[in-house]
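Read the structure below first, then the notes.
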Amino acid sequence: MTTSSAVPAPATSAWRLMTPPHPDSLDDADAWAYRGIAETHAAAEAADTGNADGAPTPIGILVGMNNQKYLRKLRQVAVVDTPAGPQVVGSGFMFLHVRSNPELAFGVVAVRPEHRRQGIGSALAQWIQDTARAEGRTTLLAPVDFGPRPEDGTGETLTPASGTGEVAADLPGVRLARKLGLTLQLVERRSRIDLPVLPEAISRFEAEARAVAGDAYRVHTWTAPTPEEWIEQYAALEQALADDEPRGGLEVESDVWDAERIRGEDATIAAKGDRYVVTAAEHVATGELVAMTMLQWSDDKPEHTNQQSTVVLKAHRGHRLGMLVKAVNLREHALLRPAARRIYTWNNEENPHMLAINIALGFVPAGGSADFQGPL
Ligand SMILES: CC(C)(COP(=O)(O)OP(=O)(O)OC[C@H]1O[C@@H](n2cnc3c(N)ncnc32)[C@H](O)[C@@H]1OP(=O)(O)O)[C@@H](O)C(=O)NCCC(=O)NCCS
Numbered sequence: 027m028t029t030s031s032a033v034p035a036p037a038t039s040a041w042r043l044m045t046p047p048h049p050d051s052l053d054d055a056d057a058w059a060y061r062g063i064a065e066t067h068a069a070a071e072a073a074d075t076g077n078a079d080g081a082p083t084p085i086g087i088l089v090g091m092n093n094q095k096y097l098r099k100l101r102q103v104a105v106v107d108t109p110a111g112p113q114v115v116g117s118g119f120m121f122l123h124v125r126s127n128p129e130l131a132f133g134v135v136a137v138r139p140e141h142r143r144q145g146i147g148s149a150l151a152q153w154i155q156d157t158a159r160a161e162g163r164t165t166l167l168a169p170v171d172f173g174p175r176p177e178d179g180t181g182e183t184l185t186p187a188s189g190t191g192e193v194a195a196d197l198p199g200v201r202l203a204r205k206l207g208l209t210l211q212l213v214e215r216r217s218r219i220d221l222p223v224l225p226e227a228i229s230r231f232e233a234e235a236r237a238v239a240g241d242a243y244r245v246h247t248w249t250a251p252t253p254e255e256w257i258e259q260y261a262a263l264e265q266a267l268a269d270d271e272p273r274g275g276l277e278v279e280s281d282v283w284d285a286e287r288i289r290g291e292d293a294t295i296a297a298k299g300d301r302y303v304v305t306a307a308e309h310v311a312t313g314e315l316v317a318m319t320m321l322q323w324s325d326d327k328p329e330h331t332n333q334q335s336t337v338v339l340k341a342h343r344g345h346r347l348g349m350l351v352k353a354v355n356l357r358e359h360a361l362l363r364p365a366a367r368r369i370y371t372w373n374n375e376e377n378p379h380m381l382a383i384n385i386a387l388g389f390v391p392a393g394g395s396a397d398f399q400g401p402l
């Protein structure tokens, strides 16, 4: 089939749901659907958050669908038929943890702005609910992304029961989530730092952190793949993060992390063409890795980088290790990616220590994600 998802379709066309074809590569004719899904998420995100930096890439979708070992992923698209073939106008995505959270399903719906209010979002949400129930899941978790708060700060907002963070109640995704009977359980803050960060500022943060951490710790920095020497300990740090991260009112158990999973993640990152830099801190006396932070990016998105995990083991908190690994990693990132314009990071509003480090480094609020959960 020779189709292009870029063909414009009249907004009033009839639409239908279908399972998107899974191509072997993006060069296949069948890749129209994954390209269309990426474009749909980018258009929806630009409309609702003011910026499409967080949208998935076609290669990210393809590689993600090829990797079903820890998270089983399912997709549905709403298409409008055009003379050139189907055009994706809506995307339904869900994933199910394979090794944890047997009751939970995650679901995300996005509809192109010019095709909204025709029932497409509801139909895709219905597909997610029906599929999750058929899989034996009893709880649905749906994140709704939002942009920076309007300057005037007016309008009704929602706050999770646990009390921190807020989201505008009139956002389309919030309206849909509430209509589905889901309730707001956690607000995650997205923050942005514009690059370059002055090298003198990074050096100052690093020096201040080193003054507290002293000689008891030394840092190591690496790019992909994770050195075999550290892989077990690195997996243990990911597990500690999964176990410790505050989750507000969300009922989610931590997922399972081991060396095999880290190797799998490295393979996935390489297959997507993504790259990363990690800085970790070793406790010299024991040889144990006790802190780490990762920055990851796609060369397809030259302007921005995403902060991934940052964790300091409980027994080693209070020594400025979070600031130390972040400052060193920012410096290394600047060497690897001098043209990047900004870095994004995500924090639970209920994680004040991590937020404080990011604010000190110069991150500013840039919207976030409101996590809704409820019974199926
Ligand atoms: C949320 C979204 C998927 C809705 O898509 P849609 O095709 O317009 O959805 P529907 O036409 O089926 O409307 C669904 C319900 O959402 C609510 N809603 C959505 N947009 C609304 C708006 N602008 N004003 C009022 N209500 C709205 C309504 O309750 C509506 O039901 P109703 O028409 O019976 O009142 C779409 O706006 C979108 O892509 N937003 C960005 C991504 C997102 O937030 N996804 C949801 C989180 S998983």
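If you count the sequence shown from 1, you need to add 26 to reach the numbering used here.
By construction, the Cβ of each residue, glycine as well, lies at the ideal position given by its N, Cα and C atoms.
Remember, it's a predicted structure, so these values are computed and weren't measured experimentally.
Ignoring anything shorter than 4 residues or poking outside the stretch 170 to 231, list the alpha helix (DSSP H) runs there in chain order. 198 to 205
Leaving out the 5 sequence neighbours to the left and right, which residues in its chain are closer than 6 Å to residue 56 when beta-carbon positions are compared? 47 and 49
Within 8 Å, strictly: CB atoms of residue 191 and residue 215: yes
Could you tell me the alpha carbon to alpha carbon distance between residue 40 and residue 336, rounded to whole angstroms? 46 Å
Report all residues from its chain with a CB closer than 8 Å to the CB of residue 76; omit the five preceding and five following residues, and keep chain order. 173, 174 and 393
Please report the Cβ distance between residue 114 and residue 62, rounded to the nearest whole angstrom; I am assuming they are in contact, meaning their Cβ atoms lie under 8 Å. 3 Å
Using 10 angstroms around the beta-carbon of residue 137, count the other beta-carbons present and answer buried if the total reaches 16, otherwise exposed. buried
Taking 8 Å as the threshold, find out whether the stretch 221 to 236 comes into contact with the stretch 270 to 287 through three or more Cβ pairs. no
Residue 407 vs residue 321 beta-carbon contact at 8 Å: Given a span of 27 to 402 for the chain in the structure shown, any question on residue 407 remains unanswerable.
Within 8 Å, strictly: CB atoms of residue 299 and residue 326: yes
Which of helix, strand or coil DSSP assigns to residue 324: strand
Under a Cβ-count criterion, where at least 16 other Cβ atoms within 10 Å of its own Cβ denotes burial, should residue 95 be classed as buried or exposed? exposed
Exposure label - residue 44; buried when at least 16 CB within 10 Å: exposed
Can you say whether residue 83 is buried or exposed, counting buried as having 16 or more other CB atoms within 10 angstroms of its CB? buried
List, from N- to C-terminal side, the alpha helix (DSSP H) runs of 4 residues or more that fit wholly inside the stretch 232 to 277. 254 to 270
Which two residues bound the contiguous alpha helix (DSSP H) that contains residue 147? 146 to 160
Euclidean distance between Cα positions of residue 205 and residue 88: 31 Å
Where residue 402 falls: helix, strand or coil (DSSP): coil
Quick check: the Cα distance between residue 128 and residue 122, rounded to an integer number of angstroms? 8 Å
Residues near residue 74 in its chain [Cβ-Cβ closer than 8 Å; skip 5 each side]: 171, 172, 173, 197, 198 and 199
Could you check what DSSP says for residue 77 in three-state terms: helix, strand or coil? coil
In this structure, does DSSP put residue 95 in helix, strand or coil? coil
Near residue 277, what residues of its chain come up, given a Cβ to Cβ distance below 6 Å and the 5 sequence neighbours on each side ignored? none
Sorry if obvious, but does the Cβ on residue 400 come closer than 7 Å to a heavy atom of ligand 1? no
Answer with buried or exposed for residue 386, where buried requires no fewer than 16 other C-beta atoms within 10 angstroms of its C-beta. exposed
Can you give the Cα-Cα distance for residue 91 and residue 242, rounded to whole angstroms? 43 Å
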